[in-house]
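Take the sequence shown: its letter number 4 is residue 4 in full-length UniProt numbering, and every next letter is one higher. Backbone N, C-alpha and C define an ideal beta-carbon position, used for all residues, glycine too. Right, one structure below, let's go through it.
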Amino acid sequence: MRRLSERDGRTRHWEGTVDKLSIDRTNAACGAIFIAAGLFFGYQSLGQEMGTAFRMGPGYFPLVLSGVLVLLGAIIAIQAMRMAGEPIGPIAWRGLFFILPAPIFFGLTVRGLGFVPSLFFTALIAAFASQRMRPTTAIIIAAALTLFSVVVFSYALGLPFQRFGPWLAGLGA
């Protein structure tokens, strides 16, 4: 193992044994997945009209993003060969139980409940993925995220969506 030491109080030198080249399997697999996905979507985008940089066709931007994904995958794969990684830990079941259903809940309820309640409950559900999250903190975070999103998307950008949906229409009367 290497460690950094100071000699004469001015310069730093590496002391100890030199680590062997090892491959971090987690990052190598992640890089390979990125590269494979980028190549697949890049190949699929070639079937669309490309256009030019000033007049982009429907295949231009997906091809550019695919190239970026392949580049990121290559960088991750190269870095995986330089440093040893930590072993993969146990699966965080609590996180999966709360994070995965949150966007599904949003997608199923946004038309009926509207943007505000759907986003609030989605953020509330996702907040409980952390074991340290307290209910009052989760409510505050969900309310702040909802308020911020309404201000940005509804008022600042003027996107046309219902803030409160038809499922809540009978509650106001």
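| query | Given a threshold of 16 other Cβ atoms within 10 Å of its Cβ, counted over all protein chains shown, does V116 qualify as buried or as exposed? | reply | buried
| request: Count the C-beta pairs between the segment 64-73 and the segment 34-52 that are closer than 8 Å, then say yes if the count reaches three, no if not. | output: Yes, the segment 64-73 touches the segment 34-52.
| Cβ shell of L46 (< 8 Å), same chain only, five flanking positions each side left out | G59 and L63
| query | Which residue's Cα is closest to the Cα of F164: G158, V150, A156 and L157? | reply | V150
| query | Across which residues does DSSP place M50 in a beta bridge pair? | reply | In the DSSP output, where bridge partners are listed per residue, M50 has none listed.
| message | So, for A123: in the same chain, excluding its five sequence neighbours on each side, which residues have a beta-carbon less than 6 Å away from its beta-carbon? | response | A142 and L145
| Where does R2 land, buried or exposed, given buried means 16+ other C-beta within 10 angstroms? | With a pLDDT of only 49 at R2, under 50, the local geometry of the prediction cannot be trusted, and the value read off the model is given with reservation. By the 10 Å Cβ count, R2 comes out exposed.
| Beta-carbon proximity list for I23, same chain, < 7 Å, skipping 5 on both sides | A80 and M81
| query | For L119, does the count of other Cβ atoms within 10 angstroms reach 16, so buried, or fall short, so exposed? | reply | buried
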